[in-house]
Amino acid sequence: EPEVTQTPSHQVTQMGQEVILRCVPISNHLYFYWYRQILGQKVEFLVSFYNNEISEKSEIFDDQFSVERPDGSNFTLKIRSTKLEDSAMYFCASSKRTDTQYFGPGTRLTVL
Amino acid sequence: QKEVEQNSGPLSVPEGAIASLNCTYSDRGSQSFFWYRQYSGKSPELIMFIYSNGDKEDGRFTAQLNKASQYVSLLIRDSQPSDSATYLCAVKPQEYSTLTFGKGTMLLVSP
């Protein structure tokens, strides 16, 4: 069964550094998403992406964040200058239409 | 502010019992409702979705939706220790692609 994959599984970085989190959505899906979950808190929407552009973003997704689909398979989330409060699990999800979303295993980001 | 509320639990049930998980939402216009299961340290795993009022059954799972009461529930029959996890309710307005999640209810099934 096709799955969303994410790399790396764990990323440790210093505050102020840039990180890129990578995702490979399910191959025939057209809608891509990033969510994050701070330890002990709920899953929060960051951004959705369709047809090579952002379709919706939350208040969390400020200028330090960006997303890109650099080729036909990868979907990336870049955090330009990481802060301590960016430490969280970051989940990529994809859907065929704007309905059921399937989540990848996540990347645990630790900012020191 | 769209809110999804769940009792954080833990909800403890013995093996073989029915577990009932509840969720309320604030946005009356919401159209799609999802239940995800999340094991500790893992990602959300889709269990069921429901769009229409009433019940929807899939194996041991039944989702129930009451839009008038803004209430959605998940019943797990014949609960197993492997069902022990946090169950996340998620709601999606029809015109948007985002999901709004509740904080989840932790379910503990004892052998």
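The listed protein sequences correspond, in order, to chains V and U. Take 1197 as the starting number for the first sequence in this note's numbering and just add one per residue. Take 1369 as the starting number for the second sequence in this note's numbering and just add one per residue. Just so you know, even glycine gets a beta-carbon here, dropped at the ideal spot from N, CA and C.
Contact check, residue i vs residue j, beta carbons under 8 Å
{"i": "Y1407(U)", "j": "I1415(U)", "result": "no"}
{"i": "S1376(U)", "j": "L1476(U)", "result": "no"}
{"i": "F1299(V)", "j": "P1412(U)", "result": "yes"}
{"i": "E1383(U)", "j": "S1447(U)", "result": "yes"}
{"i": "T1454(U)", "j": "V1372(U)", "result": "no"}
{"i": "L1389(U)", "j": "S1450(U)", "result": "no"}
{"i": "V1239(V)", "j": "V1220(V)", "result": "no"}
Sheet register partners of residue i (DSSP bridge)
{"i": "L1475(U)", "result": "L1379(U), A1453(U)"}
{"i": "R1232(V)", "result": "E1240(V), Y1286(V)"}
{"i": "I1418(U)", "result": "F1401(U)"}
{"i": "V1314(V)", "result": "This structure gives no information on residue 1314(V), because the portion of chain V shown stretches from 1197 to 1308."}
{"i": "D1259(V)", "result": "Answer is none; D1259(V) lacks a bridge partner."}
{"i": "P1461(U)", "result": "S1398(U)"}
{"i": "N1434(U)", "result": "Y1439(U)"}
{"i": "T1392(U)", "result": "E1373(U), Y1439(U)"}
Best match in the options for proximity to residue i [C-alpha to C-alpha]
{"i": "E1255(V)", "options": "D1267(V), S1244(V), T1294(V)", "result": "S1244(V)"}
{"i": "K1292(V)", "options": "R1304(V), N1247(V), F1257(V)", "result": "N1247(V)"}
{"i": "P1301(V)", "options": "R1232(V), G1212(V), R1265(V)", "result": "R1232(V)"}
{"i": "S1290(V)", "options": "C1219(V), Q1210(V), V1208(V), Y1227(V)", "result": "Y1227(V)"}
{"i": "R1396(U)", "options": "L1443(U), Q1448(U), Y1439(U)", "result": "Y1439(U)"}
{"i": "F1271(V)", "options": "F1287(V), Q1207(V), G1236(V)", "result": "F1287(V)"}
{"i": "L1217(V)", "options": "L1280(V), W1230(V), Q1210(V), P1198(V)", "result": "W1230(V)"}
{"i": "M1211(V)", "options": "P1204(V), L1235(V), Q1260(V)", "result": "Q1260(V)"}
{"i": "P1198(V)", "options": "Q1207(V), H1206(V), S1205(V), N1224(V)", "result": "N1224(V)"}
{"i": "P1280(V)", "options": "T1306(V), Q1297(V), Q1237(V)", "result": "Reading off the sequence, residue 1280(V) comes out as Leu, not Pro. Ranking T1306(V), Q1297(V), Q1237(V) by Cα distance to L1280(V) puts T1306(V) first."}
{"i": "G1470(U)", "options": "T1392(U), S1450(U), L1442(U)", "result": "T1392(U)"}
{"i": "F1402(U)", "options": "K1410(U), T1430(U), S1450(U), P1449(U)", "result": "T1430(U)"}
Exposure label - residue i; buried when at least 16 CB within 10 Å
{"i": "A1387(U)", "result": "buried"}
{"i": "S1398(U)", "result": "buried"}
{"i": "Q1374(U)", "result": "buried"}
{"i": "S1420(U)", "result": "exposed"}
{"i": "L1242(V)", "result": "buried"}
{"i": "A1436(U)", "result": "exposed"}
{"i": "I1275(V)", "result": "buried"}
{"i": "V1208(V)", "result": "exposed"}
{"i": "G1472(U)", "result": "buried"}
{"i": "D1282(V)", "result": "buried"}
{"i": "Q1297(V)", "result": "buried"}
{"i": "L1308(V)", "result": "exposed"}
{"i": "Q1237(V)", "result": "exposed"}
Whole-Å CB distance - residue i paired with residue j, under 8 Å assumed
{"i": "E1214(V)", "j": "S1277(V)", "result": "7 Å"}
{"i": "I1418(U)", "j": "R1428(U)", "result": "Incorrect: roughly 16 Å between the Cβ atoms, too far for contact."}
{"i": "A1284(V)", "j": "I1234(V)", "result": "5 Å"}
{"i": "K1370(U)", "j": "S1394(U)", "result": "6 Å"}
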